[in-house]
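**Student:** Residue numbers (the working numbering), protein chains in the order written: chain A, 33 to 145; chain B, 64 to 174.
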Amino acid sequence: GAGVSQSPSNKVTEKGKDVELRCDPISGHTALYWYRQSLGQGLEFLIYFQGNSAPDKSGLPSDRFSAERTGGSVSTLTIQRTQQEDSAVYLCASSVGMTGELFFGEGSRLTVL
Amino acid sequence: GENVEQHPSTLSVQEGDSAVIKCTYSDSASNYFPWYKQELGKRPQLIIDIRSNVGEKKDQRIAVTLNKTAKHFSLHITETQPEDSAVYFCAADSSASKIIFGSGTRLSIRP
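1. Can you pull out the residues from the stretch 76-102 of chain B whose beta carbon lies closer than 9 Å to at least one beta carbon of chain A?
2. Let me know the beta strand (DSSP E) ranges lying completely inside the stretch 62-127 of chain A, each 3 residues or longer, listed in chain order.
3. What's the C-alpha gap between S98 (chain A) and E76 (chain A)?
4. When we look at the beta-carbon of P50 (chain A) and count the other beta-carbons within 10 Å, is it buried (16 or more) or exposed?
5. By the DSSP assignment, the beta strand (DSSP E) with P97 (chain B) in it spans what residues?
6. Under three-state DSSP, which class holds D147 (chain B)?
7. Over the uninterrupted beta strand (DSSP E) stretch that includes V83 (chain B), give me the two end residues.
8. For I172 (chain B), name the three-state secondary structure that DSSP assigns.
9. Who are the Cβ neighbours of V76 (chain B) in its own chain at under 8 Å, not counting the five residues just before and after it?
10. What residue range does the beta strand (DSSP E) around T128 (chain B) cover?
11. So, under 8 Å CB-CB, S140 (chain A) and E133 (chain A) are touching, yes? Tell me the CB distance rounded to an integer number of Å.
12. Where does V36 (chain A) fall in DSSP's three states?
13. Who are the near neighbours of S129 (chain A) in its chain, counting only those whose CB is closer than 7 Å to its CB and skipping five residues on each side?
14. Using a threshold of 8 Å, state whether the C-beta atoms of D90 (chain B) and S158 (chain B) are closer than that.
15. Residues in its own chain within less than 7 Å of Y122 (chain A) by CB, not counting five upstream and five downstream?
16. Suppose you measure from the CA of L129 (chain B) to the CA of T45 (chain A); what does that come to, to the nearest Å?
17. Which residues of chain A have a Cβ atom closer than 7 Å to the Cβ of S243 (chain B), listed in chain order?
18. Going straight from the alpha carbon of S107 (chain A) to that of C55 (chain A), what length do you get?
19. Does P71 (chain B) pass the burial test, meaning 16 or more other C-beta atoms within 10 Å, or should it be called exposed?
20. State the DSSP-derived secondary structure class of R141 (chain A), mapped to helix, strand or coil.
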């Protein structure tokens, strides 16, 4: 596709359930990021993948959060045992190399009831 | 790790006036400083960036300045227009190459 694609665009779940959010980056982009944006707030770094290197997981808020990137392309962010404070928009971005323009997806809006 | 501070959190200026947003960073190894604009309900988009070998960069009504010694950089928007209303984020790369964002500035242009 022409841009970064994220799914689902909206997800409503019950507290305690697991959710998976998917990101399909721009073809050929080696860097992939996940950020979290709570209502009216900034872009909180979660995790960063660069090529075949080990991911930088330093932003994951708890061990309930995990992410993987298969074949250097599609990435899945998994949140286990969701809590109400996990409600936010989860944004994925990709870039050609280590430092360069980030292209963001539309985001996945997660609501935990 | 890298920490990026951004001020002010909100800014209201009269149409036609200038707006300035300031950021500081902590990682002296940072070399790349982009600025993103996020309009209401939309995704962030890059508007301008600067690398550490340059002190200033300009693109039409937008300019960025960088002071590596003081570890701060600024966004200047001149002749502001209604379409400049948005949230602006500064960012910096860390020594680990990841991009860390400031907390954002909500800019409002008064007609």
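All residues carry an ideal CB built from backbone N, CA and C; glycine is no exception.
**Tutor:** Per the coordinate set shown:
1. N94, Y95, P97, Y99, Q101
2. 63-69, 76-82, 97-101, 107-111, 120-127
3. 15 Å
4. Reading off the sequence shown, one finds Asp at residue 50 (chain A), where the question assumed Pro. Exposed, by the Cβ-count rule.
5. 95-101
6. helix
7. 82-88
8. strand
9. A82, T143, L170, S171, I172, R173
10. 125-130
11. Wrong, their Cβ atoms sit about 21 Å apart, outside the cutoff.
12. coil
13. The sequence given here has Gly at residue 129 (chain A), not Ser. Result list for G129 (chain A): T62, A63, in chain order.
14. yes
15. L53, W66, R68, L109, G139, S140, L142
16. 44 Å
17. With chain B represented from 64 up to 174, any question about residue 243 (chain B) goes unanswered, as that position is not in the structure.
18. 5 Å
19. exposed
20. strand
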